[in-house]
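Notes follow the structure.
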Amino acid sequence: MASIDVNGKQIEVDEEGYLSNLNDWEPAVAEVMAKAEDTELTDAHWDIINFLREYYEEYQIAPAVRVLTKAVGKRLGKDKGNSKYLYELFPYGPGKQACKYAGLPKPTGCV
Amino acid sequence: MSVKKFMYINRKPPYGTVYALEALEVVLIGAAFDQDVSLAFIGDGVYELTKGQNTDAIGQKNFSPTYTALGDYDVKKLYVEKESLEERGLTLDDLQHLVWEDEDDDWAEKDSIHLVSRAEMADVLDDQDIILSF
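Quick note, the sequences are listed as chains Z and V, same order. Start counting at 1 in the first sequence, then tack on 15, and there's your number in my numbering. Start counting at 1 in the second sequence, then tack on 35, and there's your number in my numbering.
Okay, structure coming up:
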């Protein structure tokens, strides 16, 4: 089983880099994952990451990109609720990359 | 691609077998394909929608909150069989209140659950192109 080093602590991840155990998440996990992919996390990134964590808390699923886009538009403003904005923040795919940083499983329906 | 009417029939209680969770996941995945999706809850399947589920004692994830996300996925038609509820001593009040937001009506919340009789359910099923039973 693979793991990542977060401030000296070994945290278990699956073969695609998603956390094996949701409860292992802390903000530093997102920082370490982002650094490994040469991404610097800005407030704009954190808005989406925090949004995903809240969505998961409420619905127990990671939303599909289409659903994420619509929900972000509604909660954070129309200028952010489009795939161009989300892909600029998360070029590897807002569903996959942002969910990973947020410590969630891969979105249902994401292949 | 033409739009087909997809019906997913839910017949099992939420826990004890994997049918209920698998059906829900298939619905969420299938929702990406812009088809006309309906769900039916018949027999013990009505338990899937009950409020206040608590899975602590069986060590499984309580996935019932996920049904409330169906509206976000444009799944707006959940048909619940009236007789199945009654036979189990349940009423609509025992089920989660599931809604979808109508974009064309200033995001008004509308009920997703439709209570239908056994005879009406037969008509609903008769009207489908594709039926998947879980």
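The C-beta atom is built at its ideal place from N, Cα and C for all residues, glycine as well.
Using the C-alpha atoms, what's the distance from residue j back to residue i?
{"i": "Leu14 of chain Z", "j": "Phe41 of chain V", "result": "Given that chain Z is displayed from residue 16 to residue 126, the structure contains no residue 14 of chain Z and the question cannot be resolved."}
{"i": "Met156 of chain V", "j": "Gly80 of chain V", "result": "14 Å"}
{"i": "Leu127 of chain V", "j": "Lys50 of chain Z", "result": "50 Å"}
{"i": "His132 of chain V", "j": "Lys145 of chain V", "result": "10 Å"}
{"i": "Pro106 of chain Z", "j": "Pro78 of chain Z", "result": "17 Å"}
{"i": "Thr103 of chain Z", "j": "Leu105 of chain V", "result": "Checking the sequence, you will find Glu at residue 103 of chain Z rather than Thr. Roughly 28 Å separates the two Cα atoms."}
{"i": "Glu41 of chain Z", "j": "Ile26 of chain Z", "result": "11 Å"}
{"i": "Tyr102 of chain V", "j": "Val62 of chain V", "result": "10 Å"}
{"i": "Ala67 of chain V", "j": "Ile93 of chain V", "result": "32 Å"}
{"i": "Asp39 of chain Z", "j": "Glu138 of chain V", "result": "38 Å"}
{"i": "Trp52 of chain V", "j": "Asp109 of chain V", "result": "One point to set straight first is that residue 52 of chain V is Thr, not Trp, in the sequence displayed. Distance between the alpha carbons of Thr52 of chain V and Asp109 of chain V: 27 Å."}
{"i": "Ser37 of chain V", "j": "Met48 of chain Z", "result": "42 Å"}
{"i": "Gly23 of chain Z", "j": "Glu121 of chain V", "result": "57 Å"}
{"i": "Val140 of chain V", "j": "Ser98 of chain Z", "result": "The identity of residue 140 of chain V in the sequence shown is Asp, whereas the question assumes Val. Using only the alpha carbons, I get a separation of about 24 Å."}
{"i": "Ile166 of chain V", "j": "Pro120 of chain Z", "result": "29 Å"}
{"i": "Thr54 of chain Z", "j": "Glu60 of chain V", "result": "31 Å"}
Less than 8 Å between the CB atoms is what I'm expecting for residue i and residue j, so what's the real figure, rounded?
{"i": "Ala43 of chain Z", "j": "Val21 of chain Z", "result": "5 Å"}
{"i": "Pro49 of chain V", "j": "Ser99 of chain V", "result": "7 Å"}
{"i": "Lys39 of chain V", "j": "Asp162 of chain V", "result": "Actually they are not in contact, since the Cβ atoms of Lys39 of chain V and Asp162 of chain V sit about 12 Å apart, beyond 8 Å."}
{"i": "Arg90 of chain Z", "j": "Phe66 of chain Z", "result": "7 Å"}
{"i": "Pro109 of chain Z", "j": "Ile63 of chain Z", "result": "7 Å"}
{"i": "Leu37 of chain Z", "j": "Gly118 of chain Z", "result": "6 Å"}
Identify, in the order they occur along the chain, each residue of the same chain with its Cβ nearer than 6 Å to the Cβ of residue i, setting aside the five sequence neighbours on each side.
{"i": "Ser168 of chain V", "result": "Ile44"}
{"i": "Leu113 of chain V", "result": "Leu74, Ser147 and Ile148"}
{"i": "Val87 of chain Z", "result": "Lys95 and Gly96"}
{"i": "Arg46 of chain V", "result": "Ile77, Gly78 and Gly80"}
{"i": "Ile19 of chain Z", "result": "Ile26, Val28 and Val47"}
Report the option in the options whose CA atom is closest to the CA atom of residue i.
{"i": "Lys117 of chain V", "options": "V:Leu125, V:Val110 and V:Lys111", "result": "V:Leu125"}
{"i": "Arg22 of chain V", "options": "V:Gly78, V:Glu138 and V:Ala143", "result": "Because residue 22 of chain V is not part of the residues shown, which for chain V are 36 to 169, the question remains open."}
{"i": "Ala154 of chain V", "options": "V:Ser119, V:Val62, V:Asp137 and V:Asn97", "result": "V:Ser119"}
{"i": "Ala55 of chain V", "options": "V:Glu121, V:Asp139 and V:Lys96", "result": "V:Lys96"}
{"i": "Glu73 of chain Z", "options": "V:Ala92, V:Tyr82 and V:Asp107", "result": "V:Asp107"}
{"i": "Cys114 of chain Z", "options": "Z:Ala17, Z:Lys99, Z:Lys24 and Z:Gly32", "result": "Z:Gly32"}
{"i": "Ala59 of chain Z", "options": "Z:Glu46, Z:Leu101, Z:Leu83 and Z:Thr84", "result": "Z:Leu101"}
{"i": "Glu46 of chain Z", "options": "Z:Pro120, Z:Gln112 and Z:Pro122", "result": "Z:Gln112"}
{"i": "Trp142 of chain V", "options": "Z:Ser98, Z:Asp39 and Z:Lys85", "result": "Z:Lys85"}
{"i": "Glu83 of chain V", "options": "V:Asp140, V:Leu130 and V:Ile166", "result": "V:Leu130"}
{"i": "Trp61 of chain Z", "options": "Z:Ser98, Z:Tyr116 and Z:Glu52", "result": "Z:Tyr116"}
{"i": "Pro122 of chain Z", "options": "Z:Leu83, Z:Thr54 and Z:Glu52", "result": "Z:Leu83"}
Among residues of its own chain, excluding the 5 on either side of residue i, which ones have a beta-carbon nearer than 7 Å to its beta-carbon?
{"i": "Lys111 of chain V", "result": "Trp135 and Ser147"}
{"i": "Leu150 of chain V", "result": "Val115, Lys117 and Leu127"}
{"i": "Val126 of chain Z", "result": "Because Val126 of chain Z sits at a pLDDT of 47, beneath the cut-off of 50, its placement in the model cannot be relied upon, and the point is left open."}
{"i": "Gly65 of chain V", "result": "Phe41 and Val72"}
{"i": "Glu30 of chain Z", "result": "Ala17"}
{"i": "Glu57 of chain V", "result": "Phe169"}
CB-CB under 8 Å to residue i, same chain, minus the five flanking residues each way: which ones, in chain order?
{"i": "Val159 of chain V", "result": "Met42, Ser73, Ala75, Tyr114 and Val151"}
{"i": "Glu52 of chain Z", "result": "Tyr107 and Gln112"}
The region 60-73 of chain V / the region 82-91 of chain V touching (three or more Cβ pairs under 8 Å): no
To be precise: take each residue of the region 58-77 of chain Z, compare its Cβ to all Cβ atoms of chain B, and keep it if any distance is under 7 Å. Which residues remain? The structure shown contains no chain B; the protein chains it does contain are Z and V.
For the region 68-76 of chain Z against the region 93-103 of chain Z, do three or more pairs of beta-carbon atoms, one drawn from each stretch, fall closer than 8 Å, so that the two count as touching? no
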